[in-house]
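Colleague:
Protein chains: 2
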Amino acid sequence: MIQFILMSHGKMAQETYESAKMIVGESDKIEVVSMAAEDGLEGTKNKLEPLLEKYKDQKILILADLKGGTPCNVAIMYQAVYPNVRLLTGMNLAMVIEAVMSPIDDIDELQNYLQQVGQKAITKVEYEATMDDDLEEIDE
Amino acid sequence: MIQFILMSHGKMAQETYESAKMIVGESDKIEVVSMAAEDGLEGTKNKLEPLLEKYKDQKILILADLKGGTPCNVAIMYQAVYPNVRLLTGMNLAMVIEAVMSPIDDIDELQNYLQQVGQKAITKVEYEATMDDDLEEIDE
Numbered sequence: 006m007i008q009f010i011l012m013s014h015g016k017m018a019q020e021t022y023e024s025a026k027m028i029v030g031e032s033d034k035i036e037v038v039s040m041a042a043e044d045g046l047e048g049t050k051n052k053l054e055p056l057l058e059k060y061k062d063q064k065i066l067i068l069a070d071l072k073g074g075t076p077c078n079v080a081i082m083y084q085a086v087y088p089n090v091r092l093l094t095g096m097n098l099a100m101v102i103e104a105v106m107s108p109i110d111d112i113d114e115l116q117n118y119l120q121q122v123g124q125k126a127i128t129k130v131e132y133e134a135t136m137d138d139d140l141e142e143i144d145e
Numbered sequence: 006m007i008q009f010i011l012m013s014h015g016k017m018a019q020e021t022y023e024s025a026k027m028i029v030g031e032s033d034k035i036e037v038v039s040m041a042a043e044d045g046l047e048g049t050k051n052k053l054e055p056l057l058e059k060y061k062d063q064k065i066l067i068l069a070d071l072k073g074g075t076p077c078n079v080a081i082m083y084q085a086v087y088p089n090v091r092l093l094t095g096m097n098l099a100m101v102i103e104a105v106m107s108p109i110d111d112i113d114e115l116q117n118y119l120q121q122v123g124q125k126a127i128t129k130v131e132y133e134a135t136m137d138d139d140l141e142e143i144d145e
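Heads up: the sequence lines are chains A and B, in that order. Each residue of the first sequence is one higher than the last, beginning at 6 in this note's numbering. Each residue of the second sequence is one higher than the last, beginning at 6 in this note's numbering.
(1) Taking the alpha-carbon positions, what's the B:Glu31 to A:Met100 distance?
(2) Against chain A, does B:Leu71 count as a neighbour if the rule is that its beta carbon must be under 7 Å from one of theirs?
(3) Report the rounded CA-to-CA distance for A:Val37 versus B:Met96, giving the unit in angstroms.
(4) Taking Cβ-Cβ distances shorter than 9 Å, what residues in chain A pair up with B:Glu131?
(5) Run through chain B and tell me which residues come within less than 7 Å of A:Ser24, C-beta to C-beta.
(6) Using the C-alpha atoms, what's the distance from A:Gly15 back to A:Leu93?
(7) Run through chain B and tell me which residues come within less than 9 Å of A:Ile28, C-beta to C-beta.
(8) Between which two residues does the alpha helix (DSSP H) harbouring B:Glu36 extend?
(9) What separation, rounded to the nearest whole angstrom, lies between the Cα atoms of A:Leu68 and A:Met12?
(10) Just to confirm, is the Cβ distance from B:Tyr22 to A:Ile81 under 7 Å?
(11) For chain B, find out if any of its Cβ atoms is closer than 7 Å to the Cβ of A:Ile127; answer yes or no.
(12) Can you say whether B:Gln124 is buried or exposed, counting buried as having 16 or more other CB atoms within 10 angstroms of its CB?
(13) If we define contact as Cβ-Cβ less than 7 Å, is A:Gly123 a contact residue for chain B?
(14) What residue does the beta strand (DSSP E) around B:Ile65 start on, and which one ends it?
(15) Should the region 39 to 54 of chain B be regarded as contacting the region 55 to 73 of chain A, the criterion being three or more beta carbon pairs within less than 8 Å?
(16) Between the Cα of B:Tyr83 and those of B:Lys61, B:Ser107, B:Asp113, spot the shortest distance and give me the residue it belongs to.
(17) Alpha carbon to alpha carbon, how far is B:Leu71 from B:Met17?
(18) In the DSSP assignment, the beta strand (DSSP E) including B:Met12 goes from what residue to what residue?
(19) So, with DSSP's three-state summary, where would you put B:Lys52?
(20) Using the rule of at least 16 other Cβ atoms within 10 Å of the residue's Cβ for burial, across every protein chain shown, is A:Tyr130 buried or exposed?
(21) What residue range is occupied by the uninterrupted alpha helix (DSSP H) comprising A:Val29?
(22) How many Å lie between A:Arg91 and A:Ala42 at the Cα?
(23) Looking only at its own chain, which residues have a Cβ that is under 7 Å from the Cβ of B:Leu152, when we skip the five neighbours before and after it?
(24) Just to make sure I have the definition right: I need the residues of chain A whose C-beta is within less than 8 Å of the C-beta of B:Ala3. Which are they?
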């Protein structure tokens, strides 16, 4: 099983997972690292490292909020030590839902797949007079 | 000024904005609609509609968490009534940061731009031995 670690400034990662739970339920594949404002680089390392140790015998895919942000940068540093870790930035809800749902067990394939899922999820939506019937709710 | 409304299942939208604040500070361009589990379609409409009324004389760009989810579907319904509203799904942190920062004042141009920003932000990042010096922190 591939393990996911969602990382963000503040509670964005945790709340993105909470939103995913409203749609697809809980998952033991997901861990979260929330970087508090006072954590800085060291505090964030102290939150991530125990998780990397816990799952060191598995493949790990980290989804981070922002390229160049501290959560992302901490993850990059640990890639030097943990070659089982892959990293994808720009996390959105579609990526977290697919992380929970996807049966793909090859880490590189999964990384590529979630990148595509995330990018395709960013789409312009427009009202069309004919579409009322299609507005089924998927989450209730 | 273009007004943004961030919409999500649960508090994801609010916490994505909180994360953006850690990097670029507060903005009066941002409003948030958090759909609670018990809100359903009607409760979400009741949260969104007052904001659409408040900003009815401006252009509004809604960033929603997920295409096909209730927050997105509620936004689509209101597009029939409020032609000043545009909608983009797949919200991530880079999009919210650029929403705060961008000086673009044409709604269609801004919608296209934020779509590109969001998609490009979803990227694979790998450690390279030479990159330690580049891991500057942008958020502290």
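Note that CB positions come from ideal geometry on N, CA and C, so glycine has one too.
Modeller: On the basis of the data shown:
(1) Distance between the alpha carbons of B:Glu31 and A:Met100: 27 Å.
(2) Taking 7 Å as the threshold, the shortest C-beta distance from B:Leu71 to chain A falls below it.
(3) If you draw a straight line from the Cα of A:Val37 to the Cα of B:Met96, it is about 19 Å long.
(4) In chain order: Ile81, Gln84, Arg91, Leu92.
(5) Under the 7 Å cutoff, chain B gives Ser13, His14, Gly15, Met17, Asp70.
(6) Taking the CA atoms as reference points, A:Leu93 sits about 18 Å from A:Gly15.
(7) Residues of chain B whose Cβ lies closer than 9 Å to the Cβ of A:Ile28 are, in chain order, His14, Leu71, Gly74.
(8) Note, B:Glu36: premise wrong, no alpha helix (DSSP H); beta strand (DSSP E) at 35 to 40.
(9) In a straight line, the C-alpha of A:Leu68 is about 6 Å away from that of A:Met12.
(10) No, the pair does not count as a contact, with Cβ atoms beyond the cut-off.
(11) Answer yes: the Cβ-Cβ gap between A:Ile127 and chain B drops below 7 Å somewhere.
(12) It is buried - the Cβ of B:Gln124 has at least 16 other Cβ atoms within 10 Å.
(13) Contact with chain B is found for A:Gly123, since one of that chain's Cβ atoms lies less than 7 Å from the residue's Cβ.
(14) Taken as a continuous stretch (DSSP letters only), the beta strand (DSSP E) holding B:Ile65 covers 65 to 69.
(15) Too few Cβ pairs lie closer than 8 Å, so no.
(16) For B:Tyr83, the nearest C-alpha among the options comes from B:Lys61.
(17) Approximately 11 Å, taken between the alpha carbons.
(18) In the DSSP annotation of this structure, the continuous segment of the beta strand (DSSP E) that includes B:Met12 starts and ends at 8 to 14.
(19) In the structure shown, B:Lys52 falls within a helical segment according to DSSP collapsed to helix, strand and coil.
(20) Note on residue identity: the sequence assigns Val, not Tyr, to residue 130 of chain A. A:Val130 is classed as buried because its beta carbon has at least 16 other beta carbons within 10 Å across all chains shown.
(21) Counting along the chain, the alpha helix (DSSP H) containing A:Val29 begins and ends at 17 to 29.
(22) Those two C-alpha atoms are separated by around 25 Å.
(23) Nothing about residue 152 of chain B can be reported from this structure: the residues present for chain B run from 6 to 145 only.
(24) Nothing can be reported for residue 3 of chain B, as the shown portion of chain B is limited to 6 through 145.
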